[in-house]
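Q:
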Amino acid sequence: MIALVLLFSVTSCRKDIPQINDPGQYVEANFNEIFDAYWNGMNNNYVFWDIDTVDWDRVYRTYKPLFAKLNANDSVDVQKAYTYFKQMTSGLVDSHYDLSFNDTWLADSASINPAYQRKRASPNYHPGISILHFYNVITSKYLDPDRVRGFTNFPDGSQSVATSGTINGNILYFYFKDFRLKGLFNTDTMNGVKRVETWFFDKLKNKTDIKGLIIDVRGNGGGALEDLDFLVGRMIDKPITIGATRSKMGMGRLDYSPWAPAYVRPHKDARAITVPIVILADAWSVSMAEMTTMAIKTLPNGHFVGERTWGGNGPLTGNKFYNGGRFGTAFLNEVYTSSLTFRYRDNKIYEGIGFPPDVEVKYNKAELDVQIDRQLETAIGLIK
Amino acid sequence: MKRTLIVFATLLASCSLLTQTTQAQFEVGISGGYTRNYLKTSAGYRSFTQYHEKSGFVAGLVLQYHFNDWLAIQADPSYIQKNYELRRDHFFEGIYQTSINSYIQLPLMAHFSFGGTKFKGFFNAGGYAAYWASGRVKGAMANVMDPGTGVPDNQQSYNYFQYNNAYRYDEKYSFDSRRDRRMEFGLVAGAGVEYLLHKKFRIFAEARYYYGLSDQQKNYMINQIPRYNDTYVLQAGCLVNFRQLFPAKAKTEAQ
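Listed in order, the protein sequences are those of chains X and F. So the first sequence is numbered by numbering that gives the first Met the number 0: it starts at 0 and just counts up by one. So the second sequence is numbered by numbering that gives the first Met the number 0: it starts at 0 and just counts up by one.
(1) What would DSSP say about S258/F, mapped onto helix, strand or coil?
(2) Near L69/X, what residues of its chain come up, given a Cβ to Cβ distance below 7 Å and the 5 sequence neighbours on each side ignored?
(3) Using a Cβ-Cβ cutoff of less than 6 Å, which residues in the same chain neighbour Y362/X once the five nearest sequence positions on both sides are dropped?
(4) Between Y59/X and chain F, is there a C-beta pair that is closer than 9 Å?
(5) Check the Cβ-Cβ distances between A235/F and every residue of chain X, and say whether any is below 9 Å.
(6) How many angstroms separate the CA atom of I94/F from the CA atom of H197/F?
(7) Taking only beta carbons into account, state which residues of the region 27–56 of chain F come closer than 8 Å to chain X, listed in chain order.
(8) Does any residue of chain F bring its CB to less than 9 Å from the CB of A259/X?
(9) Give a yes or no on whether 9 Å exceeds the smallest Cβ distance from N82/F to chain X.
(10) Applying a beta-carbon distance threshold of less than 7 Å, which residues of chain X neighbour Q223/F?
(11) State the Cα-Cα distance for the pair N123/X and R307/X, rounded to the nearest angstrom.
(12) Taking only three categories from DSSP, how would you classify H197/F?
(13) Could you tell me which chain F residues have their CB closer than 7 Å to the CB of I111/X, listed as they occur along the chain?
(14) Which value, in whole angstroms, describes the spacing of the CA atoms of I16/X and Q223/F?
(15) Answer yes or no: does any C-beta atom of chain F fall closer than 9 Å to that of P64/X?
(16) Within the same chain, show all residues whose beta-carbon is closer than 7 Å to that of I209/X, passing over the 5 residues directly before and after it, in chain order.
(17) Taking 8 Å as the threshold, find out whether the region 168–180 of chain F comes into contact with the region 215–231 of chain F through three or more Cβ pairs.
(18) Going along chain X in order, which residues have a C-beta closer than 9 Å to the C-beta of R178/F?
(19) With a cut-off of 9 Å, does the C-beta of S246/X fall near any C-beta of chain F?
(20) State yes or no: is the beta carbon of M182/F nearer than 9 Å to at least one beta carbon in chain X?
(21) At least one CB of chain F closer than 9 Å to the CB of E350/X: is that the case?
(22) Would you call the region 239–257 of chain X in contact with the region 31–48 of chain X, where contact means no fewer than 3 C-beta pairs closer than 8 Å?
(23) Between T20/F and the rest of its own chain, which residues show a CB-CB distance below 8 Å, the 5 nearest in sequence each way excluded?
(24) Should F118/F go down as buried or exposed, given a rule of 16 or more other Cβ atoms within 10 Å for buried?
(25) Got a sec? Which residues, its chain only, sit under 6 Å from P225/F by beta carbon, not counting five neighbours each side?
(26) Please determine if the region 329–336 of chain X and the region 96–115 of chain X are in contact, where contact requires at least 3 C-beta pairs separated by less than 8 Å.
(27) Classify T21/F as helix, strand or coil using the three-state DSSP reduction.
(28) Suppose the cutoff is 7 Å on Cβ atoms and the five residues either side in sequence are ignored; what does the same chain contact list for V239/F look like?
(29) By how many angstroms is the C-alpha of G90/X removed from the C-alpha of Y62/X?
(30) Would you decide whether P64/X is buried or exposed? Buried here means 16 or more other CB atoms lie within 10 Å of its CB.
(31) Using 8 Å as the cut-off, can you tell me whether the region 280–299 of chain X makes contact with the region 310–323 of chain X, which would need three or more C-beta pairs spanning the two stretches below that distance?
(32) Would you call the CB atoms of R270/X and K176/X closer than 9 Å?
(33) Taking only beta-carbon positions, decide if T21/F is within less than 9 Å of chain X.
(34) Where in the region 123–173 of chain X do unbroken runs of the beta strand (DSSP E), each at least 3 residues long, occur, reported from the N-terminal end onward?
(35) Can you pull the chain C residues whose beta carbon is under 7 Å from the beta carbon of Y262/X, in chain order?
(36) What's the call for V26/X, buried or exposed, on a 16-neighbour Cβ count within 10 Å?
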């Protein structure tokens with residue numbers, strides 16, 4: 000009998016396994032549910048808890064009672080909740096992070112983007128270089144007359160822009176606004192960006208007197224990961240390892256997969272480029288623009304000129320593919336957050352801090368206003 | 000848990016005092032066998048993801064001190080694997096991770112024997128402490144930075160590896176001191192049969208169950224899902240009776 004009592008009391012020492020629900024399944028009937036959906040979604044899906052300095056348990060203890068006092072059917076309280084969401088997320092290191100809302104009372108409120116808010120508050124903040132600088136000024140002032148430029152419009156109102164040409168006859172230059180290169184190149188019909196790509200890829204492969212190459216990703220907001228092989232893969236003849244990625248593995252904050260190597264593989268039309276390759280990037284170069292910068296920097300002949308990049312390096316895809324990252328709730332249209340963590344080949348994670356240049360040349364509005372592009376001129380100087 | 004072990008040890012000690020006779024003798028042996036570990040946890044709402052049991056092995060020493068014919072105290076310092084696997088299915092078939100966890104374990108048990116002189120049955124019951132000495136992870140994951148061959152426009156796809164090539168790994172597990180709890184305590188119970196070969200040797204076979212009471216993780220987050228090891232063992236071994244092996248010395252000691 001004593002043994003049975005002892006056995007029973009000891010076996011009950013195990014903690015119960017809690018029921019953790021999919022954040023998308025919560026009902027937005029009150030702010031208790033809204034908070035739990037979001038907080039748990041972040042708790043299980045955010046991939047940067049390993050390096051993030053935000054104490055998520057403290058966030059729970061602070062904001063759970065505050066949300067409990069709010070009424071989901073009161074517009075003033077919904078606005079207050081918006082402020083709480085802004086406060087809770089302000090320190091998150093993920094620089095892709097963006098919270099958007101379904102609630103009609105928040106229809107006019109901007110999405111919450113902590114990295115952008117931090118940039119705006121920084122004393123070094125500057126706006127991105129105008130697209131017209133790349134489309135008009137560089138083409139007319141710096142590129143040789145045989146330069147090409149083009150743009151492609153999309154049904155969602157977005158636009159891809161690209162320019163290419165030679166500088167002094169033997170430096171090949173390529174600018175593009177975002178990473179939709181492979182998708183636009185593989186269309187059946189011609190489009191503005193494809194025309195530029197065709198010209199640039201032809202010169203990259205066949206022009207024999209290239210003295211250097213400039214890839215310009217300033218202001219580039221990123222895009223498709225497949226473009227890494229599609230673009231950088233044309234400049235190498237063997238695979239290169241630029242770093243590694245890892246995803247969530249389990250429900251715990253610190254449950255991660257091992258690091259898987261991040262490759263760039265040669266494209267079928269590759270030509271091993273041995274002359275200097277300079278990538279131009281700035282504080283508005285984000286995500287794939289940063290990975291491409293890192294890939295170029297990995298090459299023995301690669302150089303990076305410009306400014307420290309934005310700092311959003313984690314690849315994004317649907318939550319189900321890597322069991323982590325972006326998710327939605329009834330109240331939140333989307334919690335846009337990285338699906339994986341990216342680590343550069345030096346074993347450092349540049350998320351939230353940006354990738355530093357070899358040669359720093361800061362944004363200079365006064366010079367840009369008089370059509371002087373100091374960053375581009377420094378890149379040209381490195382090749383000469 | 001520690002209090003439970005202390006209570007258990009005290010009970011054993013009391014029992015030994017009550018039953019101590021001149022028949023007390025010490026036996027030493029070795030044992031080894033097969034383990035099957037079930038991780039008691041939950042994959043939560045992770046898509047197409049489950050934890051599964053995994054096999055391993057155990058090997059160690061057996062130390063028995065007999066108070067009388069039917070009662071002994073037994074300690075088995077041993078190496079034991081408590082493995083498990085996280086596996087995905089359906090479109091994600093092929094993605095998995097096997098965790099091979101090595102523990103240095105010390106079960107302390109009361110050993111109750113019954114039956115004849117040569118052939119006997121026995122029960123073991125007690126507690127154990129284990130140290131998670133090392134780990135290894137082996138598996139395959141889709142490498143987001145290694146695009147697959149792709150799928151032609153007019154064809155269906157059947158597996159995620161068609162989009163991202165598999166990265167296969169087999170590497171040492173890196174402990175995270177913020178999360179991993181390396182000490183484990185729990186209960187153990189077993190039953191088996193033993194056969195006296197000569198006066199000196201006994202062989203035995205046993206089925207044993209280890210019931211972990213310690214979460215593999217420290218309490219590092221709110222709404223944490225605990226992880227407990229439930230380990231089934233089938234093992235066999237051999238014991239040597241010291242009194243019979245060195246009778247002269249034993250007699251001298253008795254004087």
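All C-beta atoms, glycine included, are put in the ideal place defined by N, C-alpha and C.
A: Concretely, from the data shown:
(1) Nothing can be reported for residue 258/F: it is not among the residues displayed for chain F, which extend from 0 to 254.
(2) F30, D76, K79, A80
(3) H125
(4) yes
(5) no
(6) 52 Å
(7) K39, T40, S41, A42, G43, Y44, R45, S46, F47, T48
(8) yes
(9) no
(10) G251
(11) 11 Å
(12) coil
(13) Within 7 Å Cβ-Cβ: nothing; I111/X doesn't reach chain F, min ~22 Å.
(14) 8 Å
(15) no
(16) N169, L171, V274
(17) yes
(18) G251, R252, L253, D254
(19) yes
(20) no
(21) no
(22) yes
(23) For T20/F, the predicted structure reports a pLDDT of 43, less than 50, and the residue's modelled location is therefore unreliable. A value from the coordinates is still provided. Excluding positions up to five away in sequence, the list reads F66, N67.
(24) exposed
(25) D214
(26) yes
(27) For T21/F, the predicted structure reports a pLDDT of 42, less than 50, and the residue's modelled location is therefore unreliable. The matter cannot be settled from this model.
(28) E26, V27, G28, K199, F200
(29) 15 Å
(30) exposed
(31) yes
(32) no
(33) Because T21/F carries a pLDDT of 42, less than 50, the predicted location of this residue cannot be relied on, and no value is offered for it.
(34) 147–152, 158–166
(35) Among the chains of the structure shown, chain C does not appear; the protein chains present are X and F.
(36) exposed
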